[in-house]
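Visitor: My questions all concern the structure below.
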Amino acid sequence: MRASSLDRSSRSSFRADSEINRVEVPSLKNLCLDVIAKNFDLFITKCPRCDEEKYRWRVPRPESSIISPIADMIFKELGERRLLKWKYLSLFSTRINVADVTGIDLDDLAGSLSDGTIKSLHTLKLYRLPMKMVTKLSDMRALGQLQNLQYLDIRCMPLDSEGLSILVKNLRLKHLDITETMVDDISCLTVLRNHLNVLIMHQLDVGQDDCFNQMLLTILELKELRQLDVSNLSYSSPSRVEAVDALLEPEQLPHLVHLEMSGNPFQCTLRDLHILIRNKKNLKYLGVAEFSKELLPDEYAVGRLATKYSHIEVRSKHGLFDITAWLNKDLFFQIIGGLSETEVMKRLETFLKTRDILFNGTLVQLATAIEHGHYLPPSLFEKIMDILEKDFEERYELHKAVVLAICARLVETDCEDIPSGLLQRMLNYTQLIIEEELGCNSYICSSSISRNSSDSSESNDCDEKLDSQLEALVSADSVIRSTDADNDFDEEVTGGGINGFGSVDEDGDDIDINYLYVTYCLKSLRMFYCLGRVVLDNIRICRGIFKSLQYVRSSTVKTCALLLLSVVFDRVSELFYQFESKCHKELSPSEWEEICSEISYVQSLIQCAAETYISRYEMEEWLAVHGVNNFPYLRQFYEINIGDFDVLGTLKEFISKRYQVCENFVNSGGLEVCELILENLDATNTSPEDEACLREILQIPRSYGLFDA
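With the first letter of the sequence shown counted as 1, position 675 gets the number 1061 in the working numbering; the numbers rise by one all the way through.
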């Protein structure tokens, strides 16, 4: 679905300039690797003395082997071609990346280690490697025998503190990455105090408050650390950690060059940051994104911090020095957290390579800054689009939050300074996002609301985890709010539904992170219509609108979709009268024919009308009598609150447009549903306008000669 939703011609043109007239001639090395990979079975033979199925290189002498870096290049080539199997691992003794190996778990890996591998392996990447709980500890003991191992990556594995303790007991690691594992106690790492240069433990599941202090005390014992990543956007200490005072001392972690602590797990204050910068003479990078407003109440404080330490003299135990001169010596000092154009791009480029969740968080913060009046020029958005368009299909999950920034820029500021070409790119990107979100029911609908959904699969675990992290990242204070006029509109039509991540409408309507992306896509599309400076594909937009109405249960999303639909139908509501002259974009006859021929479109509007005026209990009783199979589109039925939006008027307008729509309305049981709504209106004393509109709807089929209404 994702591949089909992309504009392949536009993506091809993006790379056209660099591919024209370019002829690549393979090097001799690549030719050799190609021959070896294609004929790999000719270069290996089964080990005659091994009980298990293992292989060795087919070389003249049994004691000979193919050494690094040649073996490493062959390993990489086989991995890229998906030809590696776990039984081949004994052939490679220095670097193993299990991401390149098919059909392997940790037990297979531990059992395939040859004597040569145990003695020589120095790089091991086990990212997301499956692990059997029954053999977990024995596997850790096996890996702990790797005598020369220096680089270990065990991200996103079910490794706990006990397993880590067994693993590192006899190792002399220089680089360790335990990101997103189950480790909550790192005291075992003190055995690496004289060896470890890099420690990355992003997003550890630290559940106990007292763990943060003990964690920092352990870190301070790792005297050789050059790079430290303790960023955590889900968990942080409830108060400033006592060991922070020790961290600030000049003699602690004296070699530290790179410190990433976004999310502020130790609750450092702004004063702490000043002292830290002054006392860590080798520090070149400091990541302090997403600090809480309680500790950094001024959201621009970090930006000013960067400015201050780039231009003034700072006194330290080593005397006076000018940081500007220091920067000019290539010992540049980055403080990630500012909101200038330069700082935003610095953050995006850094996090795109290192932290997906922080990449999204930066875009959310960017949208919030715009909403608070911080002007960001079109050139910034052009750079963002350049980044995003390159790898949309491969890294789609990183890019959804950009619609928040696009929407904020369209709603909050005058867009006259944005070139039409850039607006068109922003429009296309918004359409791609909404198509991705609505193209997979399992992604926008839980098992309780999707007609074809099943229980969550493992393939969605990563998406759900990212979204839950982003939801935790964005507090109620940092959510984009619209302009006053738009706020009035939101409150009137949704009860103030568009007010935060994970929030709840007055009617109890959940607005989770996925629904919010759809909401801002729809709001952005409405603004593109109002601008009148871009080429709009009415058919493509209608497809997204009706899928929103059909598959998403949120009142907020459905209200935004209905409002956009009224704009597309050239029925601008009085709430947007000021844009009426710009929004006049009538559909062509061919567009109308295509929209009117789709029966699910009119069914979506019937469903919205029913969900607005009929309770779920009443609908269940009614379907039990009339047969749920006769109304399949009403199987998943939710009450919604769309305020004063005239959904009945929209339905009447739609079925009045073409004979085909009216016929689809009748064939879908629209008359029966409208009669039920009319009965409900009589019981609830709803406005006479609604009753009159319903009676007009019931008469429309007669005017077409379809039904004796």
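The beta carbon of each residue, even a glycine, is placed where N, CA and C say it ideally should be.
1. Excluding the 5 residues flanking Glu-610 on each side, which residues of the same chain have their C-beta closer than 8 Å to its C-beta?
2. Can you list, in chain order, the residues of its chain whose CB lies under 8 Å from that of Leu-991, leaving out five sequence neighbours each side?
3. Does the count of Cβ pairs from the segment 1045-1062 and the segment 992-1010 closer than 8 Å reach three?
4. So, for Leu-553: in the same chain, excluding its five sequence neighbours on each side, which residues have a beta-carbon less than 7 Å away from its beta-carbon?
5. Can you look up Leu-557 in the DSSP assignment and give me helix, strand or coil?
6. Residues in its own chain within less than 6 Å of Tyr-621 by CB, not counting five upstream and five downstream?
7. Assign Met-601 to one of two classes, buried (16 or more other C-beta atoms within 10 Å of its C-beta) or exposed (fewer than that).
8. Hey, would you say Tyr-906 sits closer than 8 Å to Val-789, going by beta carbons?
9. Going by Cα to Cα distance, which pick from Ala-755, Asn-746, Leu-738 is closest to Glu-727?
10. Do Leu-633 and Leu-672 have their C-beta atoms within less than 8 Å of each other?
11. With DSSP collapsed to three states, give me the class of Leu-608.
12. Can you give me the start and stop residues for the beta strand (DSSP E) that Glu-646 sits inside?
13. According to DSSP, Leu-1103 sits in a beta bridge with which residue or residues?
14. My output table needs one value for Gln-1085: the three-state DSSP class, helix, strand or coil.
15. Starting from Ile-422, follow the alpha helix (DSSP H) in both directions and report where the run begins and ends.
16. Using C-beta distances below 7 Å, list every residue in its chain close to Thr-816, excluding the 5 sequence neighbours before and after it, in chain order.
17. Taking the alpha-carbon of Ser-940 as reference, which of Asn-1027, Tyr-1019, Asp-427, His-1012 has the nearest alpha-carbon?
18. Between the alpha carbons of Ser-1054 and Ile-981, how many angstroms are there, rounded?
19. Find out if the Cβ-Cβ distance for the pair Phe-745, Leu-734 is shorter than 8 Å.
20. Have a look at Arg-541, Leu-639, Ile-564, Leu-575 and flag the residue whose alpha-carbon is nearest the alpha-carbon of Leu-557.
21. His-588 to Gln-810, Cα distance in whole Å?
22. Grab the span of the alpha helix (DSSP H) containing Thr-998 for me, first residue to last.
23. Find out if the Cβ-Cβ distance for the pair Asn-1050, Glu-977 is shorter than 8 Å.
24. Using three-state DSSP, classify Ile-430 as helix, strand or coil.
25. Can you check which of these residues, Lys-432, Cys-433, Glu-463, is closest to Val-421 by C-alpha distance?
26. Please report the straight-line C-alpha distance between Gly-930 and Leu-813, rounded to a whole angstrom.
27. For Gly-807 and Tyr-513, I'd like the C-alpha separation in whole angstroms.
Guide: Inspection of the coordinates gives the following:
1. Arg-579, Asn-580, His-581, Leu-582, Asn-583, His-641
2. Leu-935, Val-1033, Thr-1036, Leu-1037, Phe-1040
3. yes
4. Met-526, Leu-529, Gly-530
5. coil
6. Val-592
7. buried
8. yes
9. Ala-755
10. no
11. coil
12. 644-646
13. Missing from the structure shown is residue 1103; the chain here goes from 387 to 1095 and no further.
14. helix
15. 414-424
16. Val-789, Ile-792, Cys-907, Ser-910, Leu-911
17. Asn-1027
18. 16 Å
19. yes
20. Leu-575
21. 37 Å
22. 985-999
23. no
24. strand
25. Glu-463
26. 13 Å
27. 41 Å
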